[in-house]
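Throughout, my numbering is defined as the position within the sequence shown, counted from one, plus 8. So the structure is just underneath, and the comments pick up after that.
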Amino acid sequence: MFNNAGISGEFVQSVVNCTSEDFKRVFDVNAYGSFLGAKHAARVMIPAKKGSIIFTASVASVIAGGIPHAYTMSKHAVVGLSKSLCVELGQHGIRVNCVSPYAVATTMTRSMVNVEEDREVEEIFGKAANLKGVQLKADDIAEAVLYLASDEAKYVSGLNLIVDGGFSTTNPTLPQP
């Protein structure tokens, strides 16, 4: 089961300007929604003694800054949930993993940076990217998910597969040589 629902909420980076309503809405969709999806998938997978649950988290689950607090917290929660479920459901032969992508040109990302074209998103995030000469696409995330769901990953569980071209390995605010 691939749990890929998520919202960014209002793009407010200051804790004093975040509204409780937006924070709760983002957390309900991203974290609680992931919990509910896993709960109902596990009901089917436990009797079968096999299965794979994969969540979409975000590079925001491993870095901080520049991203709304509600979104960051919700994606940290998704990673924590996947690790907890890995322990619980592994005894039933069920693998649980996350994929944490860097920015991909989607409707959500376009609205977060207030642009209309995919190429504008790619240009903005390409400048900050660590891996140059290649652009992250939605198909790349799909390939990562397919790997985690496949028999090639039969002993992979509890992993947060970060698909960010090395972005999270460095502090993007520091000038690079």
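Ideal Cβ placement from N, Cα and C applies to all residues, glycine included.
Taking only runs that begin and end inside the stretch 56-141, name each unbroken beta strand (DSSP E) of 3 or more residues, in chain order. 59-64 and 102-109
Looking at the structure shown, is valine 52 part of a helix, part of a strand, or coil, going by DSSP? In the sequence shown, residue 52 corresponds to position 44, counting from 1. Three-state result, valine 52: helix.
Between valine 67 and isoleucine 149, how many whole angstroms is the CB-CB distance? I'm expecting something under 8 angstroms. Here the question's residue 67 lines up with position 59 in the sequence shown. Here the question's residue 149 lines up with position 141 in the sequence shown. No, valine 67 and isoleucine 149 are not in contact; Cβ-Cβ is about 11 angstroms, not under 8 angstroms.
CB of valine 70 within 8 angstroms of CB of serine 176, strictly: Residue mapping note: residue 70 aligns to position 62 of the sequence shown, counting from 1. Residue mapping note: residue 176 aligns to position 168 of the sequence shown, counting from 1. Cβ atoms of valine 70 and serine 176: closer than 8 angstroms.
Can you list, in chain order, the stretches of the alpha helix (DSSP H) that have 4 or more residues and sit fully within the stretch 10-47? 28-35
Which term fits glycine 173, buried or exposed, when burial requires 16 or more other beta carbons within 10 angstroms of its beta carbon? Translated into the one-based positions of the sequence shown, residue 173 becomes position 165. Burial call: buried.
Burial state of leucine 139, where buried means 16 or more other Cβ atoms lie within 10 Å: In the sequence shown, counting from the first residue as 1, residue 139 sits at position 131. Label assigned to leucine 139: exposed.
Counting along the chain, where does the beta strand (DSSP E) carrying valine 171 start and finish? Reading the sequence shown from its first residue, position 163 is the one you call residue 171. Where valine 171 is concerned, the enclosing beta strand (DSSP E) stretches over 168-171.
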